[in-house]
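Right, one structure below, let's go through it.
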């Protein structure tokens with residue numbers, strides 16, 4: 001079972017950001033990404049929000065780095081970890097624009113992109129950009145189809161749909177990968193169905209352990225009924241972690257203890273059918289987080 005990390009600093013919702021992140025910057029982000037790359041993390045992930053309305057700013061904050069710029073910055077300083085948008089709200093942009101940005105990122109990084117997509121939930125972002133919020137699910141469905149074409153091998157991709165129609169427009173460079181993995185995020189019935197029928201993988205939105213088996217069974221059923229075959233990556237977001245015995249309050253939901261204890265707990269995800277877990281560590285500083293990442297890579301990851 002592989003493991004990846006949603007990077008700190010680049011998004012700072014009060015649901016998960018640590019206090020020290022508020023004063024952190026690019027050098028801190030870079031050091032953490034390099035530590036995760038050295039520790040064998042499968043991917044580095046970055047979120048996507050364009051603008052946060054005042055009504056949501058107290059909870060979400062307004063600190064949301066652009067994922068393409070962030071992942072490109074980190075691509076030049078890392079070697080192995082894949083670069084995941086978790087998730088890009090692709091319905092806010094024309095598919096050709098999205099394809100140009102992410103194809104270039106894949107090209108520059110030597111084929112390390114995983115394009116995670118989602119429908120979005122902040123209505124004001126859609127309104128400001130003139131995109132239909134009420135029908136964002138249908139918009140995303142067609143965006144996925146259009147992106148399949150626009151990120152494929154053809155220099156002149158072609159797509160004819162209700163919302164987007166293009167042909168005879170060349171885009172180079174092409175992605176370095178012959179097939180860019182496209183993972184669909186979200187845990188609503190519509191998102192799970194979209195992932196099963198249109199995606200190469202599923203990124204849940206915080207489903208607890210006891211809910212995952214039902215979601216995975218539905219994905220398997222949907223794919224079987226539709227005759228969908230080929231590789232499909234099931235993801236999960238693990239509980240917050242702290243390796244060792246903390247000397248401070250890390251929260252009641254945080255899994256703590258020796259590496260072997262944590263590995264045993266996390267292997268339960270593999271038993272459910274999960275292929276990759278996204279992990280997050282409680283920390284009071286950049287250095288403590290880097291220590292946790294290194295310890296996980298050395299002492300927990302190999303036992304997964």
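In full-length UniProt numbering, the protein residues as written are 1 to 304. Think of the CB as a built atom: it goes at the ideal place given N, C-alpha and C, for glycine as much as any other residue. Predicted model, so just to flag it, every value in this text is computed and none were measured.
Exposed or buried, what is residue 212 when buried is set at 16 or more other beta-carbons lying within 10 Å of its beta-carbon? Here residue 212 refers to the residue found at position 212 of the chain shown. Counting of Cβ neighbours within 10 angstroms places residue 212 among the buried residues, the total reaching 16 or more.
Would you mind sorting residue 173 into buried or exposed? The rule is 16 or more other CB atoms within 10 Å of its CB. Position 173 of the chain shown, counted from the start, is the residue given in the question as residue 173. Residue 173 is exposed by the Cβ-count criterion.
With contact counted as at least three CB pairs below 8 Å, one residue from each stretch, are the segment 99 to 118 and the segment 178 to 198 in contact? The segment 99 to 118 vs the segment 178 to 198: in contact.
Ends of the alpha helix (DSSP H) at residue 75? Stepping through the chain shown from its first residue, residue 75 is reached at position 75. Counting along the chain, the alpha helix (DSSP H) containing residue 75 begins and ends at 67 to 75.
Neighbourhood of residue 176 by C-beta, 6 Å cutoff - its chain only, sequence neighbours within 5 removed: In the chain shown, the residue the question calls residue 176 occupies position 176. Counting only Cβ-Cβ distances below 6 Å, and skipping sequence neighbours, we find 106, 107, 110 and 111.
Straight-line gap, residue 119 to residue 300 (C-alpha atoms, nearest Å): As a position in the chain shown, residue 119 is number 119, starting the count at 1. As a position in the chain shown, residue 300 is number 300, starting the count at 1. Approximately 33 Å, taken between the alpha carbons.
Is DSSP giving residue 242 helix, strand or coil here? Here residue 242 is taken as the residue at index 242 of the chain shown, counted from 1. In the structure shown, residue 242 sits in a strand (DSSP, three-state: E or B).
Is residue 43 helix, strand or coil by DSSP? Position 43 of the chain shown, counted from the first residue, corresponds to residue 43. DSSP places residue 43 within a strand segment (E or B) once states are collapsed to three.
Quick check: the Cα distance between residue 164 and residue 91, rounded to an integer number of angstroms? Numbered from its first residue, the chain shown carries residue 164 at position 164. Numbered from its first residue, the chain shown carries residue 91 at position 91. Each residue's alpha carbon lies about 11 Å from the other.
Roughly how many angstroms lie between the CA atoms of residue 264 and residue 272, to the nearest whole one? Numbered from its first residue, the chain shown carries residue 264 at position 264. Numbered from its first residue, the chain shown carries residue 272 at position 272. Computed Cα separation, rounded: 13 Å.
What is the C-beta distance between residue 2 and residue 276, in whole angstroms, given that I count them as a contact (C-beta under 8 Å)? Position 2 of the chain shown, counted from the start, is the residue given in the question as residue 2. Position 276 of the chain shown, counted from the start, is the residue given in the question as residue 276. For residue 2 against residue 276, the beta-carbon gap comes to about 4 Å, under 8 Å, which counts as contact.
Residue 81 and residue 37 closer than 8 Å at C-beta: The sequence position of residue 81 within the chain shown is 81, counting from 1. The sequence position of residue 37 within the chain shown is 37, counting from 1. Contact flag set, yes.
If I'm right that residue 11 touches residue 50 with Cβ under 8 Å, what's the distance once you round it to whole angstroms? Here residue 11 refers to the residue found at position 11 when the chain shown is read from its first residue. Here residue 50 refers to the residue found at position 50 when the chain shown is read from its first residue. About 12 Å; that fails the 8 Å criterion.
List the endpoints of the continuous beta strand (DSSP E) containing residue 233. Within the chain shown, residue 233 is the residue found at index 233, counting from 1. For residue 233, the uninterrupted beta strand (DSSP E) segment begins and ends at 233 to 237.
I'd like the list of long-range same chain contacts for residue 321, defined as Cβ closer than 7 Å, with 5 residues on each side in sequence excluded. For the chain, the structure presents residues 1 to 304; residue 321 sits outside this window and is missing.
Those residues which DSSP pairs with residue 165 across a bridge: Position 165 of the chain shown, counted from the first residue, corresponds to residue 165. Looking at the DSSP assignment, residue 165 forms a beta bridge with 160.
With DSSP collapsed to three states, give me the class of residue 285. Sequence index remark: in the chain shown, residue 285 carries index 285 (1-based). Residue 285 falls in the coil class under three-state DSSP.
If you follow the alpha helix (DSSP H) that residue 137 is part of, which residue opens it and which one closes it? As a first step, residue 137 must be located in the chain shown, where it is residue number 137. First-last of the alpha helix (DSSP H) with residue 137: 136 to 150.
Among residues of its own chain, excluding the 5 on either side of residue 267, which ones have a beta-carbon nearer than 7 Å to its beta-carbon? Taking the first residue of the chain shown as 1, we reach residue 267 at position 267. Around residue 267: 304.
DSSP three-state label for residue 3, please. Stepping through the chain shown from its first residue, residue 3 is reached at position 3. Here residue 3 carries a strand assignment [DSSP, helix/strand/coil].
According to the neighbour-count rule (16 or more other Cβ atoms, all chains shown, within 10 Å of its Cβ), is residue 169 buried or exposed? Here residue 169 corresponds to residue number 169 of the chain shown, with the count starting at 1. When all chains shown are included, residue 169 counts as exposed.
Buried or exposed for residue 281, going by 16 or more other Cβ atoms inside 10 Å? Within the chain shown, numbered from 1, the residue matching residue 281 stands at position 281. Its Cβ being crowded by 16 or more others within 10 Å, residue 281 is buried.
With DSSP as the reference, label residue 122 as helix, strand or coil. The sequence position of residue 122 within the chain shown is 122, counting from 1. DSSP places residue 122 in coil when its eight states are reduced to three.
State the CB to CB distance for the pair residue 86 and residue 45, rounded to an integer number of angstroms; the pair is presumed to be in contact (CB under 8 Å). The residue labelled residue 86 in the question sits at position 86 within the chain shown. The residue labelled residue 45 in the question sits at position 45 within the chain shown. 4 Å between Cβ atoms; contact.
For my contact list, residue 239 and residue 256 are in at a C-beta cut-off of 8 Å; report their separation, rounded to the angstrom. Taking the chain shown and counting its residues from 1, one reaches residue 239 at position 239. Taking the chain shown and counting its residues from 1, one reaches residue 256 at position 256. Going by Cβ atoms, the distance from residue 239 to residue 256 rounds to 10 Å, so no, they are not a contact pair.
Check the C-beta distance from residue 56 over to residue 122 and give it rounded, since I have them as a contact under 8 Å. Within the chain shown, the letter at position 56 stands for residue 56. Within the chain shown, the letter at position 122 stands for residue 122. In this structure residue 56 touches residue 122 by the C-beta definition: roughly 7 Å separates them, less than 8 Å.
So the beta strand (DSSP E) residue 85 belongs to, where does it begin and stop? As a first step, residue 85 must be located in the chain shown, where it is residue number 85. Residues 82 to 88.
Since residue 279 is in the beta strand (DSSP E), which residue starts that stretch and which ends it? Your numbering for residue 279 matches position 279 in the chain shown. Run containing residue 279: 276 to 279, per the beta strand (DSSP E) assignment.
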